[in-house]
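Q:
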Amino acid sequence: DTGVSQNPRHKITKRGQNVTFRCDPISEHNRLYWYRQTLGQGPEFLTYFQNEAQLEKSRLLSDRFSAERPKGSFSTLEIQRTEQGDSAMYLCASGVLQETQYFGPGTRLLVL
Amino acid sequence: AQSVTQPDIHITVSEGASLELRCNYSYGATPYLFWYVQSPGQGLQLLLKYFSGDTLVQGIKGFEAEFKRSQSSFNLRKPSVHWSDAAEYFCAVGSPSSGGYNKLIFGAGTRLAVHP
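Chains as they are written, first to last, in our numbering: chain P, 507 to 618; chain F, 24 to 139.
#1: How about LEU71 of chain F and VAL60 of chain F: do their beta carbons lie closer than 7 Å?
#2: So, GLY610 of chain P versus GLY66 of chain F, is the Cβ gap smaller than 7 Å?
#3: In chain P, what lies closer than 7 Å to LYS72 of chain F by C-beta?
#4: Could you check where the beta strand (DSSP E) with SER95 of chain F kicks off and where it finishes?
#5: Alpha carbons only, please: which of F:THR28, F:ILE32, F:PHE129 and F:VAL27 is nearest the one belonging to ALA136 of chain F?
#6: Measuring only between beta-carbons, confirm whether GLY509 of chain P sits less than 7 Å from chain F.
#7: Quick one: is LEU566 of chain P buried, meaning 16 or more other Cβ sit within 10 Å of its Cβ, or exposed?
#8: Quick check: what's the CA-CA separation for ILE128 of chain F versus LYS520 of chain P?
#9: Skipping 5 residues on each side, what residues in its chain have a beta carbon closer than 7 Å to that of SER38 of chain F?
#10: Give every residue of the same chain whose Cβ lies closer than 6 Å to the Cβ of GLU584 of chain P, excluding the five residues on either side of it in the sequence, and list them in chain order.
#11: Please determine, among P:GLY548, P:GLU574 and P:LEU545, the residue with the shortest C-alpha to C-alpha distance to GLN560 of chain P.
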């Protein structure tokens with residue numbers, strides 16, 4: 507069990523640029539979750555997948571955000587036309603139905 | 024809608040002292056409850072969870088929590104705090120779905136400082 511990994515760990519970008527983050531879940535986990543955490547706050551749910559199906563998206567996930575999990579393994583989260591308000595820690599978690607969600611180390615995004 | 028309240032934003036304790044972090048949730052049925060800990064710049068590590076059964080649950084690092092339905096609370100405790108416990112602690116409730124829960128709803132967190 508190598509845990510949940512996320513890449514990159516840090517990303518600095520200029521406003522208006524596109525960014526993509528990757529999450530590799532624990533191998534036997536069929537559920538994968540994305541959360542966003544801003545400074546001084548708890549994580550907020552963005553979206554989750556069961557296998558390759560995206561089952562729920564938060565209203566926080568504007569049209570500029572898209573997430574995929576094409577083969578039911580790793581997932582990507584893309585933000586188009588980044589804004590300064592997108593600066594946050596993006597956390598990925600994986601799990602199986604009704605069991606614990608295990609979190610990755612996160613990707614910290616800074617939009618200048 | 025479910026919500027989680029952590030009334031204390033910051034807590035400072037002396038090393039060796041006891042600790043209690045408060046968590047209140049809003050949800051009608053028996054919730055799925057969690058405590059996670061986050062060190063600076065890191066992801067979240069699960070301390071303990073409550074799904075059903077015994078209302079006093081034991082976790083890692085000497086932590087325990089008690090589910091009190093009448094008070095809608097799930098407070099985290101530790102009898103003797105170590106300097107390495109300094110971190111941010113998050114209480115969370117699982118949003119129910121068929122067969123269990125899906126997303127987690129987190130409180131705003133309590134930052135713990137430990138004085139030597």
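All residues carry an ideal CB built from backbone N, CA and C; glycine is no exception.
A: In brief:
#1: Against a cut-off of 7 Å, the Cβ pair of VAL60 of chain F and LEU71 of chain F comes out as no contact.
#2: Yes, the pair counts as a contact, with Cβ atoms nearer than the cut-off.
#3: What LYS72 of chain F touches in chain P: THR606.
#4: Neither: SER95 of chain F is in no beta strand (DSSP E) and is coded neither H nor E.
#5: With distances taken between Cα atoms, ALA136 of chain F lies closest to F:ILE32.
#6: Residue-level contact by beta carbon fails for GLY509 of chain P and chain F, as no gap is shorter than 7 Å.
#7: Counting C-beta atoms within 10 angstroms of its own C-beta, LEU566 of chain P has fewer than 16 neighbours from the protein chains shown and is therefore classed as exposed.
#8: About 31 Å.
#9: According to the sequence displayed, residue 38 of chain F carries Glu and not Ser. Contacts found: VAL104, HIS105, TRP106, VAL137, HIS138 and PRO139.
#10: Here the set comprises THR526 and SER572.
#11: Here the closest residue by C-alpha is P:GLU574.
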